[in-house]
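Numbering (mature numbering (1 follows the signal peptide of the UniProt record, and there is no 0)), first residue to last: 6 to 627.
The structure appears right after this line, and notes come after that.
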Amino acid sequence: DLTIEPGREGPAISDEMYGVFYEDINRAADGGLYAELVQNRSFEYAPVDNPDYTPLTAWQPAQQGGSAEVVDDAGRLNERNRNYLRLTADGPQGYGITNTGYNTGFALREGAKYDFSVWARTDQPAGTALTAMLRDPSGAPLSQPLEVNVRGDGWAKYTGTLTATRADTRGRLEVSAAGPATLGLDMISLFPRETFKGRPNGMRADLAEKIAALNPGFLRFPGGCLVNTGSHRAYEAPDWERERSYQWKDTIGPVEQRATNANFWGYNQSYGLGYFEYFQFAEDVGAMPLPVVPALVTGCGQNQATDDPELLQRHIQDTLDLIEFANGPVTSTWGAKRAEMGHPEPFGLTHLAVGNEENLPDEFMERFVQFRDAIQARHPDITVISNSGPDDSGQVFDRAWELNRRHGVDMVDEHYYNDPAWFLANNHRYDSYDRNGPEVILGEFASEDNKFHNSLAEAAYMTGLERNADVVRLASYAPLLSNVDYVQWSPDMIWFDNARSWGTTSYQTQKLFMNNVGDRVVPSTATEDQAFRQVVTRDERTGELIVKVVNAQSSPARTHLDVGTDVEPTARVTTLQGDPEAENTATEQPIRPVETTLDSAAREFDHTFPANSITFLRLRPA
Ligand code: AHR
């Protein structure tokens, strides 16, 4: 039996309840959401990013007729973009290099336009013709050649458009010059004209659209472990340290002036997608932006607390500057930079997290409180989010919570990756959380695989999150994105290669929860069973009761529903159902929502929830 009590009010559910956690892991940015097709466009790859890298990774120089070498000398493009390519073409037959992109190459669509750009200079007073062209791996042309005339020995940007003459998923970009000439080349870039919302320096449309379709309430970014690992020192040329924590000021302004960084997950990260782009993306998809800044306690196994008061103060000031960048007037220093980048209106930042999964709770709290107090002295309306360490239980967790409570923290970020049995067994986790203590953001959760039985367990668990929406204010599955050829972490919500993307069974599950949240919990009860869970909410706009039932049992559950009020006989039903071992892949997505209509809804009626199913019933009051 499932009994609903529409006369009683449960907790209000925040509009932001379910969001996404975006981290540049599994090549989520370069080679993923960032639509740039050229890999290693600024020749900054180095073994410190990944032992397999050289500055010419993803580039193939021609065999004869010249030379190509990456140099780091005073002729560089700028202090943050230190390496550049010296291309020497011996004779008029020309000499070039070819970029092979990510995965199998560029996924080109016939007739689609691609925006080419390059920073270049030449030693030839009369100028040098530089040709850009799309080719397949055999060298066959995939576009007409585009010629730009490089003039002068000073760096300048040259642009043009290439149109793909046929579809190919193995596209390459060849850039060649006629000699004799020695050129400097840097930031060799190719973007599809079509990006999400047509933004320049924008996002890959299919991936961004899949995220937008989730209807996320918030966007937590840019990590994760990459936020607080590595050195916290500022970028200082020429003593540039790779493996720096994610410092937002490195990621704004013209892309050619953004340094790259060794990403914690083992690759080079361009920061082409930076804080401006993330704020704008959050706005584009209607999500609350939720940045995470390092707390100066290096996390994710590195476990060191910075004992440098000056460095700490600099990061606190950077965080205040971040708030000014997001919200300040265009007359302020950082608000002006936002306006210069094309967004004079404020981004409306309201929440910000300091730190991610610190394993040293005392050291973390000592520093967190300094950030929090400085922020709240200037911006009392900003919610500053703390965390409970890397696990859902244990000594670090207990101590972190004790300190969070003691210091009157507003909101605590919990993370856990557990097996499905844990998610089924722990539905009541938040029932006993102190309603007068900090609120919770469940910033990262997932059960350990991408099979449908994992999603069933996650869905069952989410009924408990929603029932406790007065404590759990925000929640996001993690991680969001993974490129099939560059995997550091699995499971993930959305998978992709260069040409295709697909939502896992957990994507479909999250999407249904995120598009059927409701505004208030309506108390309900059902026979207590780990594998049969329910939650009911009300959509205040339509008055509908949204009955969400997870039947993770291997047999159908014939259920008597007592709605407690008269409802229209016709109800919308959305179901995810299938083999618990099923997985959505590039070629087959067996677990997809099925929409049906029910004609027999009433104050009391029977309904069968299929075996291994997640059902959303929308009941309209009569
Ligand atoms: O989501 C992957 C990683 O899991 C995140 O970087 C980190 O916060 C957690 O340990």
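A virtual CB, placed ideally from N, CA and C, is assigned to each residue, including glycine.
None of these values were measured; they are calculated from a predicted model.
Cβ neighbours of residue i in the same chain (closer than 8 Å, five flanking residues each side left out)
i: D378; result: none
i: T613; result: P561, A562, R563 and T564
i: R319; result: A239
i: A117; result: T168, A169, P197, R198 and E199
i: T166; result: K118, Y119, D120, F121, L151 and R198
i: V335; result: A341, R343, A344 and P349
Burial state of residue i (16 or more Cβ within 10 Å)
i: P221; result: buried
i: T532; result: exposed
i: Q68; result: exposed
i: S559; result: exposed
i: S605; result: exposed
i: E463; result: buried
i: E600; result: exposed
i: H433; result: exposed
i: D584; result: exposed
i: P496; result: buried
i: A94; result: buried
i: R383; result: exposed
i: A182; result: buried
i: D54; result: buried
i: G80; result: exposed
i: T127; result: buried
i: residue 2; result: Given a span of 6 to 627 for the chain in the structure shown, any question on residue 2 remains unanswerable.
i: N88; result: buried
i: T338; result: exposed
Residues near residue i by beta carbon distance below 7 Å, same chain, minus five either side
i: G442; result: R410
i: R114; result: A169 and A172
i: R13; result: P528
i: F402; result: S393, G394 and D396
i: T109; result: T174, R175 and N503
i: N31; result: P484, L486, S487, N488, Y491, V492, Q493, W494 and D497
Host beta strand (DSSP E) of residue i (start-end)
i: V414; result: Segment: none, V414 is in no beta strand (DSSP E) and carries neither H nor E.
i: L447; result: E444 to S452
i: A112; result: F111 to L113
i: F223; result: F223 to F226
i: M293; result: M293 to V298
i: L357; result: H356 to V359
i: N268; result: N266 to N268
i: M192; result: A186 to P197
i: P66; result: W64 to P66
i: V335; result: Where V335 is concerned, there is no enclosing beta strand (DSSP E), given that its DSSP letter is neither H nor E.
i: M138; result: T133 to R140
i: N488; result: L486 to N488
Residue j beta carbon less than 8 Å from that of residue i
i: P299; j: V232; result: yes
i: L38; j: M293; result: no
i: T542; j: V526; result: yes
i: M192; j: V123; result: yes
i: A242; j: R85; result: yes
i: H237; j: L301; result: yes
i: L219; j: Y283; result: no
i: N268; j: Q274; result: yes
i: Q44; j: G106; result: yes
Residue i, enclosing alpha helix (DSSP H) - first and last residue
i: R472; result: F457 to R472
i: E342; result: The sequence given here places Lys at residue 342; Glu does not occur at that position. Taken as a continuous stretch (DSSP letters only), the alpha helix (DSSP H) holding K342 covers T338 to E345.
i: N332; result: P314 to N332
i: F537; result: Element bounds for F537: not the alpha helix (DSSP H) but the beta strand (DSSP E), F537 to R543.
i: L517; result: T510 to M519
i: L429; result: P425 to A430
Same chain only: Cβ atoms within 6 Å of residue i, ignoring 5 sequence neighbours per side
i: V540; result: T468, E471, R472 and K553
i: Y435; result: N473, V476 and V477
i: A112; result: T174, N503 and A504
i: P16; result: A474, D475 and V526
i: F201; result: G207, M208, A210 and A213
i: E609; result: D567
i: T620; result: V554, T580 and F614
i: L295; result: F223, R225 and H356
i: L195; result: L42, V43, Y119, F121 and L178
Backbone CA spacing between residue i and residue j [nearest angstrom]
i: W245; j: N503; result: 32 Å
i: S143; j: Q65; result: 13 Å
i: F537; j: N556; result: 5 Å
i: T303; j: E363; result: 7 Å
i: V297; j: S487; result: 20 Å
i: S618; j: G523; result: 20 Å
i: D367; j: W406; result: 11 Å
i: E21; j: M498; result: 19 Å
Below-8 Å beta-carbon distance, residue i vs any chain D residue
i: S605; result: Protein chains in the displayed structure number just one, and chain D is not present.
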